[in-house]
Every structure is written in structure tokens, then in C-alpha cells.
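Here the structure comes first, spelled out in C-alpha cells, and everything after it is commentary.
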Amino acid sequence: MFRVVRHNCGVDPSSFQIGAHEFLILPTPARLLSHIDQPETISKLQEFTSSYYCFFVLCGVASLICEITINFGTRLPLFPEVNSYYGSIPWISGGIFPTLLYAISHFFGGVHECLNILIAVNRATAIIAPHSHAKIWRFGIPIACVVLILVGAGLSWHLFDSPSFFYPSMYDGLAYYVMVSDTSKHPGINNSRNGLITSLVSPAISVTLYTTAIFFLRKKWKLKIVRTEFSLLLLGLSSILLCLPLAFQQLYFFVKGKDISDDEALMLFEMLPWLFDLRFFSPTVLVLITDSNMRRAFLGLFPARQLAAPALIPVARTVTSSASNSWTLILYTIYVPIFTVLWIVEISLVFVHRKNFLSSYYFFFVLCGVISLICELTINFGTRLPLFPEVNSFYGTVPWISQGQFPTLLYAISHFFGAVHEFINIFTAINRATAIIAPHSHAKIWRFGIPIACVLLVLTGIGGSWYLFDSPSFFFPGPSKDGIIYGMMSDTRKHPEVSNSRNAVITSLVSPAISVSLYAAAICFLRKKWKLKIIRTEFSLMFLGLTSMLLSLPITLHQLYFYIKDKNITADEAIMLFKMLPWLFDLRFFSPTVLILIRDSNMRDKFIRLFPRRKGHVSLMLVASPQSMSSSAPHHR
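Quick note on numbering: the sequence shown equals residues 1242 to 1878 in my numbering.
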């Protein structure tokens, strides 16, 4: 759960700057109500017979308890408007109350991580042994409950007799509080390391189990019970992936250790509430997206409006969906140009200030930006606009657009640069790995490595698209609730030996698999070599590359789902998948523009200087020295 920095590391809690207060508080009540509504819905209906829902309810209960402890122990202390009682009421600022709060948060945090593993085991047995699945979990659920209690107790028992308290820090004349624990009674236990291991072991085991289940899925897809359980597998996998940002935050904190700076500590504490909310609230949304039973039951909680004239119902639906479609189009026209300009600005900054961007990483960043912009152009014309009846009529009326050389080239080019983008992720991971593992040889390696990488990128792009340049492509019309929409397809009968969907899935899976392995290898070397200044400088770029790669995973899961369903896909699912594509592509191609501003101080400084600054900037003031704090506060994690 909540990790706190050691005060003997030279980190001053008084330097914590708090921002975006309103955004941290407002979403919480709505999400809490959503978590409460869903278990209540399950208890009323007989559609939820799968043993998965037992774990879903347990996950909801654990998440609610964790959110209560987070709100009181992490979120509210960061708001001077309401946090005065953390320093004025003795039983809140120190004593049994904060001790129990801290221990309980770790207990249920461990339970939540273990639940993710048990859900993955449940999904794996549902796919691998569907006919024995119910019998296995008739005995498995009681055993799982015992295991959950043991895991939670194993991670938190030492905290129940370790005094916890809220430590005050001052910034700009305002008080903020951080919950810390004195674990000096148990010197053999490293609280931070235990939490990190749990945060990493849970997704590692879970992803392995989900991958195993997916390999069995293709063979057993004809079984109706397997198709029913697949949506729950997708739900569990999505939930575990959304736990990864918090795991990486914990990993970053642990790796930096004593070398963590004030600014980094500030950033980590500000990130905590957001990351906890993403971890504990995401299942409430994902279950409504992936599970039709839950969706129907949830909609049944709201009374349907009765219309006097039944004939008006289809018209009303059309008007509503059309309005929703128009708002989506407006949203696209706002944010797509903004992020496009942001890419161009950041690429220009690298060229203009190239003396400040000497790392070979920035070559791949610029290359990624150029490829992303080209991909976005093909996506906007080949995927996004055809989905909007308000503007897509020319796809059916203009002959050279609807079929011929133009759509053929558009389709082939999109696949060419899509494959190039995937392998840029791999080369970025190799670049980061060499920067950490061989820092003194890194520059020399990439003096020759960059030309070789460029040749390989061209070859991989050609390998993923050569057969599409002579395969006629076209836009075909299809009905939807919004009107006529168009999809771009290619006739690959000239090359029956090539499966376009299989190639796309393999490329999408190989890239993150290789990249994660390289980042993991780099992290193993990182702890030993952290004292080297060059390592600390390159680490932020490694973290940036890893995060960018993780945000490419949703489109990978999309391709995998499409490939597995294959001929069994329904018309509604096909339309849903086509409508998801622009959002997923935008996440993949635009996310680096934001991530580099968050993680890279060089880029952030150059970007901020583009705007006129107001006078009277207040610098970060330390009201106490790290030495005075380490002597007055107990050593803890």
C-alpha cells in the first residue's frame, strides 16, 4: 500500500508541493457508489453464477476498504483546507488510530494483490478445464479465502505493533501531513521491499496464467462455455494491467533509494492518490464494458422511460446516438490537432537545442514522433473519418477514394509504418538497456547502431506490408445505429500464404515481450550501478520508454481479441472494435508527447520557456534540513 520515504535519505517532507486538489476529491464518491452498486446487483440476479463473481465481490470489498484508508491516510492529509485535525487531535496524529490505519491499509493491499492472482487462476481453469471448472472452485473458494487472510497477515503483522503517526511538513506557510511508521522493532523486515515484491510478483504470475489460457483459447473456442468465460478473462487481464502503473511507481521509489531527490519525492507523493484510484476503481468501469450480464443488470436499476407513441422509439435512439456521435467528432477535432502540434513542437525543440539532447535516445524519440504523425494521418483518413456519417459520404461517392490505388497505398503505408513503430519500441528498449548495462560504451555502440537500426526498421516495415502493395484495398459500407459507416479492407487472395491478422498479432506481441525483457534486465543492473551519475541521468529516459511501451498494450489486446474471435465475431462486436480503433491508436501514438514532459526535465524546461513567465516566481523553500529531520524522526520505510 502506502510507502513513505526514509528521512535519513536527504528528503525533506516540508518540500512537498500539492496540486490539482479538486481533481483528487471529486471522482471518489461516484466511484465508491459504483463499487457498492455492483455487488448489490450481483446479489439480486441469477445470471452471475460463474465463480469469478465471488472474487469480483471480494475485490470490490477490499478496494472499498483500501479507498477508505487511502482517503483518510493519503489524500486528505494533502489538503490544508481540511487537514488541521491531523496535527491538533492527539489520537489522530499519533497513537493506536494511525497505527491501525497504516497496518490495515497494508493488510488489504496484500489481499488485493493476491486476489488478482486468484482471479487469473480462476480464468485459466475456466478456459483450460471448462467442464471441471465449477467443481474445482467449489472447494477452491474456501481455500482461496484462507490464503488471502494468510497473505494479508504475512505482509502486515509487523505493522500492528509498530507505532505510526502523521508527520507534518510546511510549504508556503501551509501544513501537509505524511503518514509514516517506525518499524525499528522489526529491523529484519524491509517494508518497502516486501511491498515491491508483492506488486511485481502479482502481475507476473497473473500475466503468465492469462497467456497460458489464451494459448488454449483458440482450440476450444467452439465451446459456448469458453466464449462466455472469455469476456471475464479479458476483464481480469485489463484490471491487472491497470495495476502496473502503481507497481512501477513503487519500483522507481525502491530503485532510487537514498538517492531520491526532493522533486522526485514530491512527484511520487502527488501521484499516489491517482495511481491508487486507477488500481482500485478501474474494475467498476471495465466490468460494465466487457460483461454484458453486469451491463444489463446495471441498466435495470434505472427505470426506463415510457413513450406514448412506440413508433417514436427508433427515432429517439437515432437522434441520441447521432448527437453522441457528433460530440465524439468534435472531441476528435479538438485534441488530435493539439497533440499533433505538440509532437511537432517537441521534435523541433530536439533539433533546435540538440546540444541539450545528446543522448542517442532522442534519435529514436524524433523517429517515433515522425512515424507517429504519419500513422495518425493514415488513421484519420482510413479509420476515423469513415466512422462518422456526418462527413463520410465521399467514401462511397468518389470512385478513386472508395477503391483503386489510393486506398491500396493508404492501407499498405499504414501497415508499413505501424510495423516500424512497433520495432522502434524494441530499439528504444535496447538503447535504454545498453545505457544502464554498459554506460561507458553506450555512445560508441550507438554511433554504429543507429544506421543499422534504420536499415532494420525499413526491412521490418517491408516485411509486414510488402504483400499489401499489390493487394487491392477498398472502403466497404456497413449499417450502424448512427447511419452508414465505412471500413477499409484489403483483398489478399493474391497471397494466400500470408495472414494479415496473424502478422499484426505477432508483431504486436513480440514488441512488448522483447521490450519488457530488456527493461527488466536493465533494472536488475540498475541497483548496483546507481552511484554512477550517467546511470541516474539515463534512468528517467528508460522509465519514459517503458511507460510508452506499456501504453501500446491496449491496441495489442485489441488485435489479439480480434484474431481469437476470427469468424465467430458478431456484427455488433465488429462495429465496437472498429469504433475503438481511433482511441487506441491515439493512446499509442500521442502518449509519448505527454510522458516526455512529465519524465524529462530537459524537454520540460525547454517547453516551458516557449511561454512568457510571470514575475514573482516562488522557489521551493526548505524549512528544515534533512539532517535535523533524520535526527528527530525515526528511521522507517
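Every residue gets a Cβ at the ideal spot worked out from N, C-alpha and C, and that includes glycine.
Classify residue i as helix, strand or coil using the three-state DSSP reduction.
i	result
methionine 1870	Residue placement at methionine 1870 is poorly supported in this model, since its pLDDT is 29, which falls under 50; the coordinates still yield a value, given next. Correct three-state label for methionine 1870: helix.
phenylalanine 1852	coil
isoleucine 1501	coil
leucine 1553	Since pLDDT at leucine 1553 reaches only 32, below the 50 mark, its modelled position is unreliable, and the value read off the structure follows with that caveat. Of the three classes helix, strand and coil, the one that applies to leucine 1553 here is helix, per DSSP.
leucine 1199	Residue coverage of the chain in this structure runs from 1242 to 1878, which leaves residue 1199 outside it and unanswerable.
proline 1640	helix
isoleucine 1839	helix
proline 1339	helix
valine 1421	strand
phenylalanine 1522	helix
leucine 1273	Per-residue confidence for leucine 1273 stands at a pLDDT of 47, beneath the threshold of 50, marking its modelled position as unreliable; the derived number appears in the next sentence. Three-state result, leucine 1273: helix.
isoleucine 1725	strand
serine 1860	At serine 1860, the pLDDT of 34 sits below 50, so the modelled position is not reliable and the matter cannot be decided from this model.
phenylalanine 1401	coil
serine 1655	helix
glycine 1705	coil
glycine 1350	helix
glycine 1719	strand
proline 1371	coil
serine 1682	coil
phenylalanine 1289	coil
Alpha carbon to alpha carbon, how far is residue i from residue j?
i	j	result
leucine 1458	isoleucine 1368	6 Å
glutamate 1354	tyrosine 1804	30 Å
phenylalanine 1580	isoleucine 1796	19 Å
phenylalanine 1510	tyrosine 1417	11 Å
isoleucine 1345	lysine 1499	27 Å
valine 1421	leucine 1341	12 Å
methionine 1783	alanine 1674	8 Å
methionine 1583	threonine 1834	Looking at the sequence provided, one finds leucine at residue 1583 rather than methionine. Computed Cα separation, rounded: 7 Å.
isoleucine 1703	proline 1627	26 Å
isoleucine 1333	alanine 1761	41 Å
serine 1601	leucine 1785	14 Å
cysteine 1307	alanine 1361	21 Å
arginine 1364	alanine 1370	10 Å
histidine 1683	isoleucine 1671	11 Å
valine 1696	serine 1480	38 Å
valine 1739	threonine 1701	15 Å
threonine 1453	lysine 1806	17 Å
isoleucine 1585	lysine 1376	58 Å
isoleucine 1455	leucine 1478	11 Å
leucine 1542	asparagine 1744	44 Å
proline 1254	leucine 1319	The predicted model places proline 1254 with a pLDDT of 34, which falls under 50 and marks its position as unreliable; any figure quoted below should be read in that light. So the alpha carbons of these two residues sit roughly 12 Å apart.
glutamine 1491	leucine 1836	18 Å
threonine 1569	asparagine 1633	14 Å
alanine 1812	phenylalanine 1819	11 Å
methionine 1730	tyrosine 1652	8 Å
methionine 1821	histidine 1594	37 Å
valine 1577	leucine 1792	17 Å
threonine 1366	valine 1607	45 Å
isoleucine 1330	valine 1419	15 Å
Since residue i and residue j are thought to touch, with beta carbons under 8 Å apart, how far apart are those beta carbons, to the nearest angstrom?
i	j	result
serine 1712	lysine 1735	6 Å
phenylalanine 1348	serine 1397	4 Å
histidine 1656	glycine 1705	6 Å
tyrosine 1636	tyrosine 1573	Incorrect: roughly 17 Å between the Cβ atoms, too far for contact.
leucine 1400	tyrosine 1343	6 Å
phenylalanine 1296	leucine 1359	6 Å
leucine 1441	leucine 1389	At roughly 19 Å, the Cβ-Cβ gap does not stay under 8 Å, so leucine 1441 and leucine 1389 are not in contact.
proline 1339	serine 1405	4 Å
valine 1496	isoleucine 1764	7 Å
phenylalanine 1830	serine 1613	4 Å
Take residue i as the anchor and find which of the options has the nearest alpha-carbon.
i	options	result
valine 1448	Thr1811, His1374, Leu1475, Ile1438	Leu1475
valine 1217	Ile1678, Phe1522, Val1661	Past the edges of the chain, shown from 1242 to 1878, lies residue 1217, and the structure says nothing about it.
asparagine 1630	Pro1718, Gln1646, Ile1311	Correcting the residue type first, residue 1630 is proline in the shown sequence and not asparagine. The residue with the shortest Cα to Cα distance from proline 1630 is Pro1718.
proline 1428	Ser1403, Leu1437, Leu1441, Ser1410	Ser1403
isoleucine 1438	Thr1453, Met1411, Leu1542, Tyr1493	Tyr1493
leucine 1519	Leu1485, Ala1538, Ala1375, Val1528	Leu1485
leucine 1794	Lys1806, Ser1781, Ser1832, Phe1766	Ser1832
serine 1643	Leu1791, Asp1841, Phe1716	Phe1716
asparagine 1432	Glu1663, Trp1824, Gly1350	Gly1350
serine 1721	Pro1692, Leu1529, Leu1792, Glu1814	Glu1814
proline 1823	His1374, Phe1471, Leu1618	Leu1618
glycine 1336	Ser1472, Asp1423, Arg1688	Asp1423
Under 8 Å: do the segment 1845–1853 and the segment 1588–1600 share three or more Cβ pairs, one atom per stretch?
yes
At a cut of 8 Å, does the segment 1748–1755 reach the segment 1655–1675 through at least three beta carbon pairs?
yes
Cβ contact (3+ pairs, closer than 8 Å) linking the segment 1381–1397 and the segment 1306–1323
In short, these stretches do not touch, since the Cβ pair count stays below three.
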